[in-house]
Amino acid sequence: MTDRHVNAGDLKVSGYQTRGVQIAPSILSANFAELGRDIAAVERGGADLIHIDVMDGHFVPNITIGQPVVRAIKRIATCPLDVHLMIEEPDRYVDDFVSAGANMLSVHVEVSPYLHRTIALIKSRGVKAGAVLNPSTPVSAIEHIASELDFVLVMSVNPGFGGQAFIPQSLDKVRRVREVLNRAGSSAPIEIDGGIDALNAADAVAAGASILVAGNAIFATPDPEAATRALRAAVGSATGSHA
Ligand code: DX5
Ligand code: ZN
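The sequence shown begins at 2 in our numbering and counts up one residue at a time.
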């Protein structure tokens, strides 16, 4: 039995009051020729955030979405945009993604040697700033900056592709990140990304995650609206304990 009495934190994005657990569909697995339709479907299904995976072909092997597409999504989405930068030298692109409409911007600690500076830059633009940990990156990487972070993203797969299998050790990682944040006096939420589905979502929440990213579990189904509802239903029992 896992302890559900964790401080899952709270996050306000541009006036949107969060619920206990936030569902963040990752459009990486959406139909890129029908992005407007797919985003509208998950918003009807109760999505809280739209997770956008930006990949540069250097930090990760894949190349995906850039600033013009984020700008186009901003025009049609009603949810805040959660932009996950899987790119080298993220500082160079912060202003581009802020002006494109990002509400949350996260950078990988593995490519951010001056993480305080990068996080301060993002926050100075009025956007929520997150640090991302790859599966093999130790939790200690954020220990000395924990109090500065608006959120922490724990990767539960190696970044680069949708549809990969969840790495079970990620649950312990989430617990340890929660401890580090609590010790720093921070109630910042933990986001978990990779291989999340209706079977493991409640475990992720029980470990201390309160923002659930899901790509394949939502968009690789015939009905993304229903899949979004199903994911929320899967954590329904956990939602109330994190007000
Ligand atoms: C992986 C991305 C994820 C991905 C999640 O590099 O950061 O956001 O889209 O997709 P699933 O849920 O299919 O693992
Ligand atoms: Zn992501």
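Don't be surprised by glycine CBs; every beta carbon is placed ideally from N, CA and C.
- Counting C-beta pairs closer than 8 Å gives fewer than three between the region 81-88 and the region 180-189, which falls short of the contact rule.
- Look at which beta carbons fall closer than 6 Å to any heavy atom of ligand 2; those residues are Ser-27, His-52, Asp-54, His-85, Asp-194, Val-214.
- Shown here, Ala-31 sits in coil according to DSSP, grouped into three states, outside any helix or strand.
- Restricting attention to beta strand (DSSP E) runs no shorter than 3 residues, the region 62-149 encloses them at 82-87, 105-109, 129-134, ordered along the chain.
- Cβ contact annotation for Ala-101 (same chain, cutoff 6 Å, sequence separation greater than five): Gln-68, Val-71, Arg-72, in chain order.
- At least one heavy atom of ligand 1 falls within 6 Å of the beta-carbon of Leu-29.
- Under DSSP, Ala-234 takes part in no beta bridge, so it has no partner.
- For Ala-207, the enclosing alpha helix (DSSP H) begins and ends at 202-208.
- By the criterion of a C-beta distance shorter than 6 Å, Asp-49 is surrounded in its chain by Gln-23, Ile-24, once the five residues flanking it on both sides are discounted.
- Residue burial annotation: Phe-33 is exposed, with fewer than 16 other C-beta atoms found within 10 angstroms of its C-beta.
- When rounded, the separation of the alpha-carbon atoms in Ala-208 and Arg-176 is 5 Å.
- The beta carbon of Ala-130 is closer than 7 Å to those of Leu-106, Ile-120, Ile-123, Lys-124, Leu-150, Asp-151 in its chain, skipping five residues each way along the sequence.
- Under the DSSP definition of a beta bridge, Val-43 lacks any partner.
- Distance from the CA atom of Val-158 to the CA atom of Ala-166, rounded to whole angstroms, is 7 Å.
- DSSP, reduced to helix, strand and coil, places Val-175 within a helical segment of the structure shown.
- The shortest CA-to-CA distance from Ser-188 to any of Asp-204, Gly-196, Ser-211, Ile-197 is the one to Ser-211.
- In this structure, Ala-234 sits away from Ser-30, with a CB-CB distance that is not shorter than 7 Å.
- In the structure shown, the three-state DSSP call for Leu-50 is coil.
- Nearest in C-alpha terms to Ile-64, of all of Glu-89, Ala-42, Pro-114, Ile-40, is Glu-89.
- For a cut-off of 8 Å, the C-beta gap from Val-55 to Met-87 is around 6 Å, short enough to register as a contact.
- When secondary structure is reduced to three states using DSSP, Phe-60 falls in the coil class, being assigned neither helix nor strand.
- Lys-75 is the residue among Pro-62, Ile-28, Lys-75 whose C-alpha sits nearest the C-alpha of Val-99.
- The Cβ atoms of Leu-232 and Asp-194 do not sit closer than 7 Å to each other.
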